[in-house]
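Number of protein chains: 2
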Amino acid sequence: MLFRTLFFISILFSLSPAFSQNDSTMIRKLFDEALIRGKSYDDLRSLCKGIGARLSGSTQAQMAVEWGKRKMETYGFDKIYLQPVMVPHWERGNKEVAWIQSSSGEVVPIDILALGGSIGTNGMLKAEVVEFKSLDDLKKASKASVQGKIVFLNQAMNPADIVTFTAYGGCYGIRGHGAVEGAKLGAVGVVIRSLALPEDHFPHTGSMYYEEGISKIPAGALSTISSNELSKALEKGKVTLIMEMDCRDFPDEPSFNVMGELTGSEKPNEIITIGGHLDSWDAGEGAHDDGAGIVHCLEALRILKTTGIKPKHTIRVVFFMNEENGNKGGHAYATWAKKENQKQIAAVESDRGGFSPDGFECDGNPSYVQLIKGFASLLKPYDLHHFEAGYGGVDISPLKSAYEGIPLFGFVPDSQRYFDFHHAASDVFERVNKRELELGCASMAAFVYLLDKSLE
Amino acid sequence: MLFRTLFFISILFSLSPAFSQNDSTMIRKLFDEALIRGKSYDDLRSLCKGIGARLSGSTQAQMAVEWGKRKMETYGFDKIYLQPVMVPHWERGNKEVAWIQSSSGEVVPIDILALGGSIGTNGMLKAEVVEFKSLDDLKKASKASVQGKIVFLNQAMNPADIVTFTAYGGCYGIRGHGAVEGAKLGAVGVVIRSLALPEDHFPHTGSMYYEEGISKIPAGALSTISSNELSKALEKGKVTLIMEMDCRDFPDEPSFNVMGELTGSEKPNEIITIGGHLDSWDAGEGAHDDGAGIVHCLEALRILKTTGIKPKHTIRVVFFMNEENGNKGGHAYATWAKKENQKQIAAVESDRGGFSPDGFECDGNPSYVQLIKGFASLLKPYDLHHFEAGYGGVDISPLKSAYEGIPLFGFVPDSQRYFDFHHAASDVFERVNKRELELGCASMAAFVYLLDKSLE
Numbered sequence: 001m002l003f004r005t006l007f008f009i010s011i012l013f014s015l016s017p018a019f020s021q022n023d024s025t026m027i028r029k030l031f032d033e034a035l036i037r038g039k040s041y042d043d044l045r046s047l048c049k050g051i052g053a054r055l056s057g058s059t060q061a062q063m064a065v066e067w068g069k070r071k072m073e074t075y076g077f078d079k080i081y082l083q084p085v086m087v088p089h090w091e092r093g094n095k096e097v098a099w100i101q102s103s104s105g106e107v108v109p110i111d112i113l114a115l116g117g118s119i120g121t122n123g124m125l126k127a128e129v130v131e132f133k134s135l136d137d138l139k140k141a142s143k144a145s146v147q148g149k150i151v152f153l154n155q156a157m158n159p160a161d162i163v164t165f166t167a168y169g170g171c172y173g174i175r176g177h178g179a180v181e182g183a184k185l186g187a188v189g190v191v192i193r194s195l196a197l198p199e200d201h202f203p204h205t206g207s208m209y210y211e212e213g214i215s216k217i218p219a220g221a222l223s224t225i226s227s228n229e230l231s232k233a234l235e236k237g238k239v240t241l242i243m244e245m246d247c248r249d250f251p252d253e254p255s256f257n258v259m260g261e262l263t264g265s266e267k268p269n270e271i272i273t274i275g276g277h278l279d280s281w282d283a284g285e286g287a288h289d290d291g292a293g294i295v296h297c298l299e300a301l302r303i304l305k306t307t308g309i310k311p312k313h314t315i316r317v318v319f320f321m322n323e324e325n326g327n328k329g330g331h332a333y334a335t336w337a338k339k340e341n342q343k344q345i346a347a348v349e350s351d352r353g354g355f356s357p358d359g360f361e362c363d364g365n366p367s368y369v370q371l372i373k374g375f376a377s378l379l380k381p382y383d384l385h386h387f388e389a390g391y392g393g394v395d396i397s398p399l400k401s402a403y404e405g406i407p408l409f410g411f412v413p414d415s416q417r418y419f420d421f422h423h424a425a426s427d428v429f430e431r432v433n434k435r436e437l438e439l440g441c442a443s444m445a446a447f448v449y450l451l452d453k454s455l456e
Numbered sequence: 001m002l003f004r005t006l007f008f009i010s011i012l013f014s015l016s017p018a019f020s021q022n023d024s025t026m027i028r029k030l031f032d033e034a035l036i037r038g039k040s041y042d043d044l045r046s047l048c049k050g051i052g053a054r055l056s057g058s059t060q061a062q063m064a065v066e067w068g069k070r071k072m073e074t075y076g077f078d079k080i081y082l083q084p085v086m087v088p089h090w091e092r093g094n095k096e097v098a099w100i101q102s103s104s105g106e107v108v109p110i111d112i113l114a115l116g117g118s119i120g121t122n123g124m125l126k127a128e129v130v131e132f133k134s135l136d137d138l139k140k141a142s143k144a145s146v147q148g149k150i151v152f153l154n155q156a157m158n159p160a161d162i163v164t165f166t167a168y169g170g171c172y173g174i175r176g177h178g179a180v181e182g183a184k185l186g187a188v189g190v191v192i193r194s195l196a197l198p199e200d201h202f203p204h205t206g207s208m209y210y211e212e213g214i215s216k217i218p219a220g221a222l223s224t225i226s227s228n229e230l231s232k233a234l235e236k237g238k239v240t241l242i243m244e245m246d247c248r249d250f251p252d253e254p255s256f257n258v259m260g261e262l263t264g265s266e267k268p269n270e271i272i273t274i275g276g277h278l279d280s281w282d283a284g285e286g287a288h289d290d291g292a293g294i295v296h297c298l299e300a301l302r303i304l305k306t307t308g309i310k311p312k313h314t315i316r317v318v319f320f321m322n323e324e325n326g327n328k329g330g331h332a333y334a335t336w337a338k339k340e341n342q343k344q345i346a347a348v349e350s351d352r353g354g355f356s357p358d359g360f361e362c363d364g365n366p367s368y369v370q371l372i373k374g375f376a377s378l379l380k381p382y383d384l385h386h387f388e389a390g391y392g393g394v395d396i397s398p399l400k401s402a403y404e405g406i407p408l409f410g411f412v413p414d415s416q417r418y419f420d421f422h423h424a425a426s427d428v429f430e431r432v433n434k435r436e437l438e439l440g441c442a443s444m445a446a447f448v449y450l451l452d453k454s455l456e
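Residue numbers (the UniProt record's numbering), protein chains in the order written: chain B, 1 to 456; chain D, 1 to 456.
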């Protein structure tokens, strides 16, 4: 397998002669197109306001597939495909309700959203609450202290982490695995503090998992304000949580990845994949997550085409289905590409919101990190300054095992506001700034332009 | 005067030995204080919601002076002064109204705000409109084409400028000098397209000037949407503008700069001034402009004090009065400092909003630009990456002629959203993100910490 890695290293040009004044002029044209004649903001509006939330398996997700195909047709991309993929189908049902009741009998309503994939409560669920500050604390608890209760996992994201994704990663366990760990100790339900930074009334949903052989219990997220209220009430004595969630699973549904290309002028059979995910959680409108990423990639390809750039390699934009609760689209894409013997040479994902661009990260051989560091001086006039080793994206990650040595790149916008909106009803079109979105599109176009030029 | 410049150069340490692991640890503490135990967001809320807009000469501006003094007392700064300064006093009066009337007689209301300093219309003003795309176009026009009409200066900010302040600078002339140039040709009024990037219904006010010997005519700003409507109506034929503005000047009022210090441990008589401006335009709440800058400086000093840092030089925070329409506070401060023979060794201003920090600019000798470039590696973990020659700030600019060779520094946050809110009713507390504000405070504290260490 070393051979493959060597292959990927050998496709890098030596960089210094690759770029010229002409490249600098070309990049300026890409930014002008995005900022002066850009379509991205209107495209995002039509996705968010014309369709809205689009969870895998929903009618809205199917509408989004058709929207994506139509957009690519309108922009005249060279090839447009729908790739079939089976996806999970979970529905929230009626809006959730919950109250906390203190020992004095006083009842206070709290903000709750079921976690994605949770079972419902089958009517009213009422039980005493036991609070833990982390998943580890829960794991260490005695069965007696948890049995028959609702576990409240009240771990706050660490505000001192400069990159908010780091803080998110630190809390991910309570959402993903809280229900399993609670059930092991006999809990009848679990509620978590939303993985969010601001103190507000928005609960944030997201994926959670059950394990074979461990009983399934309902799992919900509380807003940060409701979490503080519940914790405060628990300081005073026994608290009962009353909740109802109507959510349930349905059989898998057929859906699609949506793809369109600019055919390579020199090496049409070598493919650079760029993408984001078309599905979203069912609260909000999936504006930052990941409507912005979809539009970044759509607009990047439109800009490259409109400005008359003829990429050497084929640039394929993929709107992946089902990143949020299964990554079925990402897996189906990698499997299909491999099976068809496609030569995938690099992939770029945008799935961190539509904020002001910082740069790109590379999940790949250090020589690729050096490669993108070589883009920095050309992109400095656009305030792109972050070119580091790091993460690519969930949707493109299955390419890594299918194509050993393939470099994956992730678009990195400013992360400060991302967890204000992530997976919440507040992730709506109005929270995306037009210029920030447009600069992201231009950054993606410029990065792909340079990547295509740099790869043999 | 070369002597002075040499003095300022000589006060730089050689940099390499100046910083250590300890500095890196210290900077981490400053950021932790801002992000975990920060007061900035609550302080900005109390300034914006407890007082609101605070134009020079208004009761709110006086309330803001008292707010500033009280805050500094609460935080236990070493010395707190109010420095008297006489400021202009202009009032908007009743809310402005305006309509456009096409030749068919149809009347449509439009969004208008008087420019700051404008005279009123003295009842209803009704005249035909003549449109120009720039101040230069107006200057080239014939008297016959303008006489008796209302001039409409419809120059849009250039969206292709990456730094939005560049686009603002390109349009500044229509706001500052449109009335004078219109009056020279016999216009009876002037309305401008707001200096703003988004298409929305918010008109943006700002300073404008009259000239001795040129008759004064009323000047207002239209929202970008109203500007587009007016321009479209003019394409179809003659358009009449009907407007009323109640604004007027009053005699100058006494007001104050508010100052507080951390006394230097080694050189208490050498002063690093840091500041923003306390006054704001009367639309909105002056949240980004410049409540954020006030809070950046207030919180930076609080953080330095709380973390136990003993600066070598005296760090003086100044809340300047009257940046928006006269800069009387800035001039009074420089004059006073000079007269008192104070040794001012550097000044830092924050007046570009409360957005995610990019870095700092230096208006000074190239050796100071090199100095701050030397801060970059210590500040990279906080995504501070912009250390360049550039601009300091309006309030601190009079120090430049009072102290030849003094380096001025400007805090540089991301500029993309600034002209969504600038001088408009939309510049409210809710438009400031808590983390972005806090990171700005910490950046200011870290910069001042390093500057104090670096200067002899």
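Just so you know, even glycine gets a beta-carbon here, dropped at the ideal spot from N, CA and C.
When the distance is taken between beta carbons, is residue j closer than 8 Å to residue i?
i         : j         : result
D:Ile-112 : D:Val-191 : yes
D:Ile-294 : D:Leu-455 : no
D:Ile-315 : D:Val-448 : yes
B:Glu-229 : B:Ile-110 : yes
D:His-423 : D:Thr-273 : no
D:Arg-54  : D:Leu-115 : no
B:Val-412 : B:Gly-359 : yes
D:Gly-284 : D:Ser-102 : no
B:Gly-364 : B:Gly-390 : no
B:Ser-145 : B:Leu-378 : no
D:Leu-371 : D:Ser-443 : no
B:Ile-242 : B:Trp-99  : yes
Determine, for residue i, whether the minimum Cβ-Cβ distance to residues of chain D falls below 8 Å.
i         : result
B:His-296 : no
B:Arg-435 : yes
B:Tyr-382 : yes
B:Asp-175 : Per the sequence presented here, residue 175 of chain B reads as Arg, with Asp not at that position. It does not: the Cβ of B:Arg-175 has no partner Cβ on chain D nearer than 8 Å.
B:Phe-320 : no
B:Leu-451 : no
B:Gln-416 : yes
B:Met-43  : Reading off the sequence shown, one finds Asp at residue 43 of chain B, where the question assumed Met. So, not an interface residue.
B:Asp-32  : yes
Given a threshold of 16 other Cβ atoms within 10 Å of its Cβ, counted over all protein chains shown, does residue i qualify as buried or as exposed?
i         : result
B:Ile-36  : exposed
B:Ser-56  : buried
B:Asp-289 : buried
B:Thr-335 : exposed
B:Phe-256 : buried
D:Asp-351 : buried
B:Thr-59  : exposed
B:Gln-155 : buried
Report yes or no: is there a C-beta of chain B within less than 8 Å of the C-beta of residue i?
i         : result
D:Leu-35  : yes
D:His-422 : no
D:Pro-17  : In this prediction, D:Pro-17 scores a pLDDT of 42, lower than 50, which makes its location untrustworthy; no coordinate-derived value is stated.
D:Met-1   : With a pLDDT of 43 at D:Met-1, under the threshold of 50, the modelled position of this residue cannot be trusted; read the value that follows with caution. No, D:Met-1 lies away from the interface with chain B (no Cβ there is under 8 Å from its Cβ).
D:Asp-23  : no
D:Asp-289 : no
Could I get the ranges of all uninterrupted alpha helix (DSSP H) runs contained in the stretch 46 to 87 of chain D, with 4 residues as the minimum, in chain order?
The qualifying runs are 59 to 74.
Name, going along the chain, the residues of the stretch 189 to 212 of chain B whose beta-carbon falls closer than 8 Å to a beta-carbon of chain D.
Those residues of the stretch 189 to 212 of chain B that come within reach of chain D (Cβ to Cβ, closer than 8 Å) are Leu-197, Pro-198.
Proximal residues, the stretch 378 to 412 of chain D versus chain B, C-beta separation under 8 Å:
When CB distances to chain B are screened at a threshold of 8 Å, the residues of the stretch 378 to 412 of chain D falling below it are Pro-381, Tyr-382, Asp-383, His-385, His-386, in chain order.
Which runs of the beta strand (DSSP E) spanning at least 3 residues fall entirely within the stretch 196 to 280 of chain D, listed in chain order?
Taken in chain order, the complete beta strand (DSSP E) segments of 3 residues or longer contained in the stretch 196 to 280 of chain D are 219 to 222, 239 to 244, 248 to 262, 267 to 277.
Unbroken stretches of the alpha helix (DSSP H), 4 residues or longer, contained in the stretch 377 to 445 of chain D:
Whole alpha helix (DSSP H) segments, 4+ residues: 398 to 402, 418 to 421.
Residues, ordered as in the chain, of the stretch 153 to 175 of chain D that lie near chain B by beta-carbon distance below 7 Å
Taking 7 Å as the Cβ-Cβ cut-off against chain B, the residues of the stretch 153 to 175 of chain D that qualify are Pro-159, Ala-160, Ile-162.
Taking a Cβ distance cut-off of 8 Å, strictly less, list which residues of the stretch 300 to 312 of chain B are near chain D, in chain order.
Those would be none; no residue qualifies.
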